[in-house]
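Here the protein sequences come in this chain order: L and X.
According to the working numbering, the first sequence is numbered sequentially starting from 1.
According to the working numbering, the second sequence is numbered sequentially starting from 113.
All C-beta atoms, glycine included, are put in the ideal place defined by N, C-alpha and C.
The structure displayed is predicted, hence computed values, not measured ones.
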Amino acid sequence: DTGVSQDPRHKITKRGQNVTFRCDPISEHNRLYWYRQTLGQGPEFLTYFQNEAQLEKSRLLSDRFSAERPKGSFSTLEIQRTEQGDSAMYLCASSLLGDEQYFGPGTRLTVT
Amino acid sequence: KNEVEQSPQNLTAQEGEFITINCSYSVGISALHWLQQHPGGGIVSLFMLSSGKKKHGRLIATINILEKHSSLHITASHPRDSAVYICAVSFYNTDKLIFGTGTRLQVFP
Numbered sequence: 001d002t003g004v005s006q007d008p009r010h011k012i013t014k015r016g017q018n019v020t021f022r023c024d025p026i027s028e029h030n031r032l033y034w035y036r037q038t039l040g041q042g043p044e045f046l047t048y049f050q051n052e053a054q055l056e057k058s059r060l061l062s063d064r065f066s067a068e069r070p071k072g073s074f075s076t077l078e079i080q081r082t083e084q085g086d087s088a089m090y091l092c093a094s095s096l097l098g099d100e101q102y103f104g105p106g107t108r109l110t111v112t
Numbered sequence: 113k114n115e116v117e118q119s120p121q122n123l124t125a126q127e128g129e130f131i132t133i134n135c136s137y138s139v140g141i142s143a144l145h146w147l148q149q150h151p152g153g154g155i156v157s158l159f160m161l162s163s164g165k166k167k168h169g170r171l172i173a174t175i176n177i178l179e180k181h182s183s184l185h186i187t188a189s190h191p192r193d194s195a196v197y198i199c200a201v202s203f204y205n206t207d208k209l210i211f212g213t214g215t216r217l218q219v220f221p
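Have a look at this one:
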């Protein structure tokens with residue numbers, strides 16, 4: 001098992017562009033989480049899935065953000081019309097129900 | 113008020129020193145997590161505990177449910193322990209993590 005992977009690792013985009021990030025969880029994990037971390041702060045919860053169902057979304061997840069996990073395996077996080085305030089590290093984690101979470105390396109987004 | 117508070121925010125130590133990082137939380141939880149984050153972003157889960165004490169190598173984590181407080185101890189600290197240590201909590205109806213702001217530890221030779 002190769003752990004949780006995320007792609008891309010780094011993304012630089014111009015304000016107003018759309019970006020999409022991908023997360024591949026550990027294969028048998030039914031839960032998948034997205035978090036966002038800005039410099040010097042702890043991560044903040046964005047959303048999570050159990051299999052393909054999106055069970056909770058944070059108020060931080062404005063209507064410009066959408067996440068999917070179509071077949072209960074990989075997940076995508078899309079940000080439309082990016083703003084400079086979206087610049088952050090986007091972290092994905094996966095777990096079995098009630099178990100510890102395993103984190104991917106993150107995608108660092110810079111909006112110029 | 114943050115639901116998860118950590119102290120200290122920054123900590124420096126000499127190699128070999130015993131280190132303690134504290135975490136307090138304000139709500140009922142199902143579990144408390146200690147995580148380690150190295151420069152570059154990767155986060156590794158160190159402990160997940162709901163009561164008592166856990167030990168792994170030189171790391172020890174304790175939790176007092178009644179006082180809503182947890183500590184992470186590092187014995188015989190080493191420069192490779194330098195990292196940010198983050199406390200997080202999860203709840204009975206959801207496994208999402210609520211994180212503290214982290215403690216930046218630097219251990220000098």
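* **Cα-Cα separation between residue 73/L and residue 187/X, rounded to whole angstroms** => 40 angstroms
* Run the CB neighbour count on residue 143/X, radius 10 Å, all protein chains shown included, and call it buried at 16 or more, exposed below. => buried
* Asked: From the DSSP output, which residues share a beta bridge with residue 101/L?
  -> The partner list for residue 101/L (beta bridge, DSSP) is empty, contrary to what the question assumes.
* Could you give the distance in angstroms between the alpha-carbon of residue 47/L and the alpha-carbon of residue 97/L? -> When rounded, the separation of the alpha-carbon atoms in residue 47/L and residue 97/L is 15 angstroms.
* Which chain L residues sit within Cβ distance under 8 angstroms of residue 145/X? -> 100 and 101
* Asked: Just curious, the beta strand (DSSP E) that residue 78/L is in, first and last residue?
  -> 75–79
* Asked: Closer than 8 angstroms, CB to CB, is residue 56/L near chain X or not?
  -> yes
* Asked: Is residue 123/L buried or exposed, if buried means 16 or more other CB atoms sit within 10 Å of its CB?
  -> Nothing about residue 123/L can be read from this structure; chain L reaches only from 1 to 112.
* Asked: Which residue comes first and which comes last in the beta strand (DSSP E) that contains residue 208/X?
  -> 206–211
* Buried versus exposed call for residue 82/L [16 or more other C-beta atoms within 10 Å across all chains shown] -> buried
* Asked: residue 214/X to residue 112/L, Cα distance in whole Å?
  -> 28 angstroms
* residue 84/L (DSSP reduced to helix, strand or coil) -> For residue 84/L, the secondary structure class from DSSP, reduced to helix, strand or coil, is helix.
* To do: Just the C-alpha distance for residue 94/L and residue 44/L, rounded to the nearest angstrom, thanks.
  => 15 angstroms
* Please decide whether residue 16/L counts as near chain X, where near means a Cβ-Cβ distance under 8 angstroms. => no
* Asked: In chain order, what residues of the same chain lie with their CB nearer than 6 angstroms to the CB of residue 52/L, ignoring the 5 residues before and after it?
  -> 69 and 72
* Would you mind sorting residue 156/X into buried or exposed? The rule is 16 or more other CB atoms within 10 Å of its CB. => exposed
* **Short-range partners of chain L found in the region 198–221 of chain X, where Cβ spacing is below 8 angstroms** => 198, 200, 206, 207, 208, 209, 210, 211, 212, 213 and 214
* In DSSP terms, what residue 130/X is bridged to -> None, per the DSSP bridge assignment.
* Could you tell me whether the Cβ of residue 141/X comes closer than 8 angstroms to any Cβ of chain L? => Judged by the 8 angstroms Cβ criterion, residue 141/X is not in contact with chain L.
* Asked: So, is the C-beta of residue 153/X closer than 8 angstroms to a C-beta in chain L?
  -> yes
* Asked: Are the beta-carbon atoms of residue 194/X and residue 218/X separated by less than 8 angstroms?
  -> yes
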